[in-house]
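Asks: Residue numbers for the sequence shown, in the working numbering: 711 to 872.
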Amino acid sequence: MTRRNLLSLFSALGLGRAAMAASPTPAPAAKPATTLTLSDAEWKLRLSPPAYQVLRHEGTERPFSSELNKEKRKGTYHCAGCDVALFTADMKFDSGTGWPSFFTTLPGVFGQTTDRKLFIARTEYHCATCGGHHGHVFDDGPAPTGKRYCNNGVALKFVAAA
Numbered sequence: 711m712t713r714r715n716l717l718s719l720f721s722a723l724g725l726g727r728a729a730m731a732a733s734p735t736p737a738p739a740a741k742p743a744t745t746l747t748l749s750d751a752e753w754k755l756r757l758s759p760p761a762y763q764v765l766r767h768e769g770t771e772r773p774f775s776s777e778l779n780k781e782k783r784k785g786t787y788h789c790a791g792c793d794v795a796l797f798t799a800d801m802k803f804d805s806g807t808g809w810p811s812f813f814t815t816l817p818g819v820f821g822q823t824t825d826r827k828l829f830i831a832r833t834e835y836h837c838a839t840c841g842g843h844h845g846h847v848f849d850d851g852p853a854p855t856g857k858r859y860c861n862n863g864v865a866l867k868f869v870a871a872a
């Protein structure tokens, strides 16, 4: 196992510096009410099977599988479920984890919940417009926020700047 694979595994399990920190983190806010509500059948028609699994069933794509991980152009990253802008290219950084990562978000675009699926509390974030799952946020990102929004690439759509 390479160092990168080991770090990706630790990140996926939430065993980064934040999980090992001695001070407790405050409970995240509840998942917000969504403004785009579709039936399960409508979501299946609207999304690719991998995007449907991530956005509607809180799945996770394989690390290093998203082309957006290598995206370097200016532009914005939108929710693949509802097309609302979530991040700008200036917010992105290479975390080495295998998923597109951002140190902050556009204001008011996400709600958060606590995820305990891997026996450790992690902060999960969802699109405030459609409720789609995007990923988890960790406290091991770069300045100025110290945050790492670890996002599934299939949950995003990149719109290049004109």
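Glycine included, every Cβ here is placed at the ideal spot set by N, Cα and C.
According to DSSP, is Ala-665 part of a helix, a strand, or is it coil?
Replies: There is no way to answer for residue 665, as the model of the chain reaches only from 711 to 872.
Asks: Checking 8 Å against the spacing of the C-beta atoms, do Ala-795 and Ala-865 come in under that value?
Replies: no
Asks: What does Leu-755 pair with, by DSSP beta-bridge criteria?
Replies: DSSP links Leu-755 through a beta bridge to no other residue.
Asks: Between the alpha carbons of Tyr-787 and Lys-827, how many angstroms are there, rounded?
Replies: 27 Å
Asks: In the region 819–843, which residue ranges form an unbroken beta strand (DSSP E) of at least 3 residues, counting only runs that do not cross its ends?
Replies: Entirely contained in the region 819–843, the beta strand (DSSP E) runs reaching 3 residues are, in chain order, 820–825 and 832–837.
Asks: Would the region 798–814 and the region 746–761 be scored as touching if the rule is three or more Cβ pairs under 8 Å?
Replies: No, the region 798–814 does not touch the region 746–761.
Asks: Taking a contact to mean a Cβ-Cβ separation below 8 Å, would you say Gly-845 touches Ser-776 in this structure?
Replies: no
Asks: Near Thr-833, what residues of its chain come up, given a Cβ to Cβ distance below 7 Å and the 5 sequence neighbours on each side ignored?
Replies: Pro-738, Gln-822, Thr-824, His-846 and Val-847
Asks: Closest to Ala-861 by C-alpha separation, out of Pro-854, Ala-831, Val-869 and Ala-761, would be which residue?
Replies: Looking at the sequence itself, residue 861 is Asn, so the reference to Ala does not match. When each option's Cα is compared against that of Asn-861, the closest is Ala-761.
Asks: Do you know offhand how far Thr-839's Cα is from Arg-766's?
Replies: 13 Å
Asks: Quick check on DSSP: helix, strand or coil for Arg-858?
Replies: The DSSP-derived three-state label of Arg-858 is strand.
Asks: For the beta strand (DSSP E) that Ala-853 lies in, which residues bound it at each end?
Replies: Boundaries cannot be given for Ala-853, as no beta strand (DSSP E) includes it and DSSP labels it neither H nor E.
Asks: What residue from Lys-802, Gly-851, Asp-849 and Gly-841 has the CA that sits closest to Ser-749's CA?
Replies: Gly-841
Asks: Between the C-alpha atoms of Trp-819 and Lys-782, what's the straight-line distance to the nearest angstrom?
Replies: The sequence shown places Val at residue 819, not Trp. Straight across, the Cα-Cα distance linking Val-819 with Lys-782 is about 22 Å.
Asks: For the beta strand (DSSP E) containing Gln-869, name the first residue and the last one.
Replies: A small correction: the amino acid at residue 869 is Val; Gln does not occupy that position in the sequence shown. 866–870 is the span of the beta strand (DSSP E), which, as asked, contains Val-869.
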